[in-house]
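The block underneath contains the structure these notes are about, expressed in structure tokens.
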Amino acid sequence: MAISFSEKGSGFPVVLIHGFCETRDIWGAFLDTLSAHYRVITPDLPGFGGSALPAGDFSIDNVADIIYEWLQELGAKKVIMIGHSLGGYITLAYAKKYSDTLRGIGLFHSTAFADSNEKKSSRNRTIDFVRERGVEVFAHSFVPQLFYLKNRTALKPEIEGVVNTAAQTPEASLIGYTKAMRDRNDRTDVLQSLNVPVLIVAGDKDTSVPIEAIYEQELMPKKAIVHIFDNVGHMGMFEKKQQSLKAIQDFAAYCI
């Protein structure tokens, strides 16, 4: 499957995986700095941006397999992989099968826990909402709440940009990934067994990944580097841009 991607810099490969209803552009502000020292690779996940959606039903594990094959084609045999939200789920699925290709992983506002029954019901409501109201209406209601309320005024242009990107998501992609997230496996076993460092970046005001889940999973890895940002929701790359960038820089340096 053809993956649309950006690549910048040379050195050890750092792969940044975007989240739900996003594209690789979500990492744009980090590329110049990171690419001064690393080969930074940012794909559009299948079904987002310039990458086609897999045919038929698919799982998070299927997407991880696609990413693995694509990285092999690029000659990126060993990588550091960091995923935002959905991207973290894919990173964990990747680590389950391909841990020998990893030098470190990062969960950027993400969790190793499977969806609770309450969360599964919320996913189903999302599917119904999108079928009834459409992607654009969903994007305008979904995206702003990812940001902590008190940050929304200052970040209005950034929020509008994320909304506009989300609004361009194909309906089949949005529904397909919502199902895949709903049905994904618990990956706490991966966190516990991995022999490479794990970066955890979280916001204390994140309503998508509750801070209680972060406190629980930060104790699982053998080597964990944890950053919990105050007054930040689900979008640290905007809400705490410099601190998030430094967290990734320092983690990459530690891993290699």
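The numbering of the sequence shown is the working numbering, which starts it at 58 and goes up by one. Beta carbons: idealized from backbone N, C-alpha and C, even for Gly.
One question on the structure: do Met238 and Tyr151 come within less than 9 Å of each other, judged by their Cβ atoms? Along the sequence shown, read from residue 1 onward, the residue named residue 238 stands at position 181. Along the sequence shown, read from residue 1 onward, the residue named residue 151 stands at position 94. Not in contact: Met238 and Tyr151 (Cβ atoms no closer than 9 Å).
3-residue-minimum beta strand (DSSP E) runs that sit fully inside the segment 193 to 265, ordered along the chain: 255 to 260
9 Å Cβ cutoff met for Phe69 and Val120: Taking the first residue of the sequence shown as position 1, residue 69 is located at position 12. Taking the first residue of the sequence shown as position 1, residue 120 is located at position 63. Cβ distance not < 9 Å, so Phe69 and Val120 don't count as in contact.
Among residues of its own chain, excluding the 5 on either side of Gly161, which ones have a beta-carbon nearer than 6 Å to its beta-carbon? Here residue 161 refers to the residue found at position 104 when the sequence shown is read from its first residue. Only Ile137, Val253, Pro254 and Cys312 meet the Cβ criterion.
Tell me the DSSP secondary structure of Ala169 in three-state form. As a working note, residue 169 is residue 112 in the sequence shown. Looking at Ala169 - three-state DSSP - the assignment turns out to be coil, as it is neither helix nor strand.
If you pair each beta-carbon of the segment 189 to 199 with each one of the segment 277 to 288, do three or more pairs fall below 8 Å? no
Closer than 7 Å by C-beta to Ile134: which residues in its own chain qualify, once you throw out the five before and the five after it? Chain order, please. As a first step, residue 134 is located in the sequence shown; it is residue number 77 there, counting from the start. It should be pointed out that residue 134 corresponds to Lys in this sequence rather than to Ile. Closer than 7 Å at the Cβ level, and outside the excluded window around Lys134, lie Thr158.
How about the segment 163 to 182 and the segment 222 to 231: do they share at least three Cβ pairs that are nearer than 8 Å? no
Please state whether the Cβ-Cβ distance between His141 and Glu79 is less than 9 Å. As a working mapping, residue 141 is identified with position 84 in the sequence shown. As a working mapping, residue 79 is identified with position 22 in the sequence shown. Cβ distance < 9 Å, so His141 and Glu79 count as in contact.
Can you grab the Cα-Cα spacing for the pair Leu128 / Val71, in whole Å? As a first step, residue 128 must be located in the sequence shown, where it is residue number 71. As a first step, residue 71 must be located in the sequence shown, where it is residue number 14. Looking at the two C-alpha atoms, the distance is approximately 11 Å.
By DSSP's criteria, His141 is part of a beta bridge. Which residues make up the other side? Position 84 of the sequence shown, counted from the start, is the residue given in the question as residue 141. Paired residues: Phe165.
In or out: Gln274 buried (at least 16 other Cβ within 10 Å) or exposed? On the sequence shown, residue 274 is found 217 positions in, with the first residue counted as 1. Burial call: buried.
Residues near Ala93 in its chain [Cβ-Cβ closer than 8 Å; skip 5 each side]: One-based indexing of the sequence shown puts residue 93 at position 36. For Ala93, where only same-chain residues beyond five positions count, the Cβ hits under 8 Å are Gly66.
Just to confirm, is the Cβ distance from Gly76 to Thr226 under 9 Å? Mapped onto the sequence shown, residue 76 falls at position 19. Mapped onto the sequence shown, residue 226 falls at position 169. Going by C-beta atoms, Gly76 is not nearer than 9 Å to Thr226.
Determine, using beta carbons only, whether Asp263 and Val247 come nearer to each other than 9 Å. The residue you call residue 263 lines up with position 206 of the sequence shown. The residue you call residue 247 lines up with position 190 of the sequence shown. Cβ atoms of Asp263 and Val247: not closer than 9 Å.
Going by the C-beta, is Ser178 closer than 8 Å to any heavy atom of the ligand MG? Absent from the structure shown: the ligand MG. Ligands present: none.
To the nearest angstrom, how far is the alpha carbon of Ala229 from that of Glu130? The sequence position of residue 229 within the sequence shown is 172, counting from 1. The sequence position of residue 130 within the sequence shown is 73, counting from 1. Going by the C-alpha atoms only, they are around 27 Å apart.
Could you tell me whether any Cβ in chain C is nearer than 9 Å to the Cβ of Gln225? Annotation note: the requested chain C is absent from the structure, which comprises a single protein chain.
DSSP three-state call for Ile98: helix, strand or coil? Taking the first residue of the sequence shown as position 1, residue 98 is located at position 41. Three-state result, Ile98: strand.
Keeping to the same chain, check which residues put their C-beta closer than 6 Å to that of Ile60; ignore five residues upstream and five downstream. Residue mapping note: residue 60 aligns to position 3 of the sequence shown, counting from 1. Here the set comprises Pro100, Ser108 and Trp127.
Beta-carbon proximity of Gly144 to Leu73, cut-off 9 Å: Stepping through the sequence shown from its first residue, residue 144 is reached at position 87. Stepping through the sequence shown from its first residue, residue 73 is reached at position 16. Against a cut-off of 9 Å, the Cβ pair of Leu73 and Gly144 comes out as a contact.
By the three-class DSSP mapping on this structure, what secondary structure does Phe310 have? Numbered from its first residue, the sequence shown carries residue 310 at position 253. The amino acid at residue 310 is misidentified as Phe; the sequence shows Ala. Ala310: helix per DSSP, three-state reduction.
Which residue or residues does DSSP assign as beta-bridge partners of His284? One-based indexing of the sequence shown puts residue 284 at position 227. Answer by DSSP bridge pairing, in chain order: Val258.
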